[in-house]
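For the sequence shown, position 96 (counting from the first letter as 1) is numbered 461 according to this note's numbering, and the numbering increases by one without interruption. See structure below.
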Amino acid sequence: MSRYIIRGGERLSGTVRISGAKNAVLPMLAAMLLTEKECVIRDTPRLRDVSVMIEILRKLGADVEERVDENTGSLSLMVNPLRIITHEVEENLTRAMRSSIFLMGSLLGRLGKVRVAYPGGCDIGPRPIDLHLRGLAALGADINEKFGYIHAEAKKLTGAEIHLDFPSVGATENIMMAAVLAEGTTVIRNAAKEPEIVDLQNFLNAMGANVKGAGMDIIRIEGTSGLGGCEHQVIPDRIETATFMIAGAITGGDIYLDNVIPEHVESVSAKLRESGVLVEEKTGKLHVACDRRPSAVDVKTLPYPGFPTDVQPQIMALMSVSEGTSVITETVFENRFKHADELRRMGANIKIEGRTAVVKGTRTLFGACVEATNLRSGAALVLGGLVAQGLTTVEGVEHIERGYEDFDQKLRSLGARIQKLTG
Ligand code: EPZ
């Protein structure tokens, strides 16, 4: 087990480079199984979730080579999925990471069958997969769930019209992957519009697929008979971008973020500006500065392009030390306020009523021993520690490192007093 020890009070300054997007890489790694040709993805973040997905691909029979660019130090993955020796996804790896559910779409497309353990929920909610299964069934898959496994089989996948009850990111991606080799046209309505969906479309089309409309409500996929290999540069991680923007704001700092796509964090930039934080684009970098106590603002999480649920814990940390009272509404997940209890241990004044948190800003937080139970809550506790008086210990760093590459190193490079202790 590892923990961070943080001494608060340092105003961050300097420039930090944002890594490639975890939530873009994970579906792409699954999508590579749709072809027998080698694919390369560049600027892959070094994260536990990515390592687990690589392990899953290797167990399925794919060759995966990791190569570090000697100039930039960034990681590229070369995947040769020629030899896929089984349709059964390793159970304990599935439990380690929910994104293994993406393999249903790609293995159905490649092999016509797949067996995967039912992915567990996590502490932000039950995380059902009914929309995934209904979408795959609409394409012709015969799905059986028994003894904690899902078996899906399809002699032939046929294009279909699918309307998602909710714009689910994972369900949209899973259906896209199953549809690219289906016969005929698939239309996904009420599709998720996240930038990672657009990146997946670009990746699939680079392999020779015919996908249009990603980023809009309706995605149209014309089935093709086979796919080739491709090379692809992953988009920057917009959630890591937002997390560092808030790190700059909460410490009263003045920082620059490199390797960002400002449009992908527009909803977060708007909220921070409303709160009195300077956010501006400068020569391809994002400049974030805050020279006074931020003002409380209300936040409501929504599917993209609304305010991202994955930044709700982090903005709650900022609101905990803002001037005034903020109402934060979490509309995407059922139970995503676990970090409130831990922020309270640091002196935050937060009242939870169902899916709403009422945050009464206090002048400062105080260092405490707190525990991360998922990656975004953990990031929020680190942000609290950066501004708290005294020492904060954040337990459960392994959760945080699922989604943040070199998190403590990047924060130290901006002047934060943070150390990682293991054991
Ligand atoms: C993706 O999860 C992200 N993960 C999550 O990021 C992110 O929070 C989420 O999208 C929302 O943006 C990856 O991309 C790997 P959903 P996903 O399906 O696909 C309900 C992080 O911190 N739902 O859009 O699982 C579900 O319960 C992680 O990086 C169904 O009801 O999210 C939830 O309430 C956390 N049935 C809502 O939809 C389904 O079949 C959004 O879920 C699927 C989802």
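We put the beta carbon where it would ideally sit given N, CA and C, even for glycine.
> Would the beta-carbon of Gln679 fall within 8 Å of that of Ile611?
Replying inline: Taking 8 Å as the Cβ cut-off, Gln679 and Ile611 qualify as a contacting pair.
> Hey, Ala661 and Leu643 are a contact pair by Cβ (cut 8 Å); roughly how many whole angstroms apart?
Replying inline: Contact between Ala661 and Leu643 does not hold, since the beta-carbon distance rounds to 18 Å and is not under 8 Å.
> When every heavy atom of the ligand EPZ is checked, does at least one fall within less than 7 Å of the C-beta of Gly535?
Replying inline: The answer is yes for Gly535.
> According to DSSP, is Val724 helix, strand or coil?
Replying inline: Here DSSP, grouped into helix, strand and coil, assigns Val724 to strand.
>> Can you tell me whether Thr616 is helix, strand or coil according to DSSP?
In response: Coil.
> Does the beta-carbon of Pro493 have 16 or more other beta-carbons within 10 angstroms, so that it is buried, or is it exposed?
Replying inline: Here Pro493 is exposed, its C-beta having fewer than 16 other C-beta atoms within 10 Å.
> Where do the ends of the alpha helix (DSSP H) carrying Thr459 lie?
Replying inline: Run containing Thr459: Glu456 to Ala461, per the alpha helix (DSSP H) assignment.
> What is the DSSP secondary structure of Glu375, reduced to helix, strand or coil?
Replying inline: Coil.
> CB-CB under 6 Å to Gly385, same chain, minus the five flanking residues each way: which ones, in chain order?
Replying inline: Only Asp408, Thr409, Pro410 and Val599 meet the Cβ criterion.
>> Applying the 10 Å Cβ sphere with the 16-neighbour rule, what's the burial state of Cys734?
In response: With a threshold of 16 other beta carbon atoms within 10 Å, Cys734 falls short and is exposed.
>> Report the start-end ranges of each beta strand (DSSP E) in the stretch 422-473 that is 3 residues or longer and not cut off at the edges.
In response: Runs found: 428-433 and 440-445.
>> Classify Lys520: buried if its beta carbon has 16 or more other beta carbons within 10 angstroms, exposed otherwise.
In response: Counting of Cβ neighbours within 10 angstroms places Lys520 among the exposed residues, the total staying below 16.
> Would the beta-carbon of Glu699 be found less than 7 Å away from any heavy atom of the ligand EPZ?
Replying inline: Under cutoff, so the answer is yes.
> Among all the DSSP beta bridges, which residues are the ones paired with Gln754?
Replying inline: Paired residue(s): Phe731.
> Between Leu468, Tyr769 and Val630, which lies nearest to Met542 when the distance is taken from Cα to Cα?
Replying inline: Closest by alpha carbon: Leu468.
> Which of helix, strand or coil does DSSP assign to Val633?
Replying inline: In the three-state reduction of the DSSP assignment, Val633 falls in the helix class, which pools H, G and I.
> For the ligand EPZ, any of its heavy atoms closer than 7 Å to the Cβ of Lys703?
Replying inline: With a cutoff of 7 Å, Lys703 does not count as near the ligand EPZ, since its C-beta is closer than that to no heavy atom of the ligand.
>> Could you check if Pro670 belongs to the surroundings of the ligand EPZ, using beta carbon to heavy atom distance under 7 Å?
In response: Distances between the C-beta of Pro670 and the heavy atoms of the ligand EPZ are all 7 Å or more.
> With 16 other CB atoms within 10 Å as the buried threshold, where does Phe531 fall?
Replying inline: Taking all protein chains shown into account, Phe531 has fewer than 16 neighbouring C-beta atoms within 10 Å of its C-beta and is therefore exposed.
> How many angstroms separate the CA atom of Glu548 from the CA atom of Gly500?
Replying inline: So the two alpha carbons sit approximately 15 Å from each other.
> Which partner residues does Tyr369 have in the DSSP bridge list?
Replying inline: Within the DSSP bridge table, the entry for Tyr369 names Val759 and Lys785 as partners.
>> What would DSSP say about Glu628, mapped onto helix, strand or coil?
In response: In the three-state reduction of the DSSP assignment, Glu628 falls in the helix class.
>> Tell me the rounded alpha-carbon separation between Val415 and Val481.
In response: Looking at the two C-alpha atoms, the distance is approximately 18 Å.
> Is DSSP giving Ser660 helix, strand or coil here?
Replying inline: Strand at Ser660.
> Any idea which residues DSSP pairs Glu645 with across the strands?
Replying inline: Glu645 is bridged by DSSP to His652.
> Any heavy atom of the ligand EPZ within a distance shorter than 7 Å of the CB on Arg492?
Replying inline: Correct: Arg492 has its Cβ closer than 7 Å to the ligand EPZ.
>> Taking contact to mean 3 or more Cβ pairs, one atom from each stretch, closer than 8 Å, check whether the stretch 732-746 and the stretch 686-693 are in contact.
In response: These segments do not touch.
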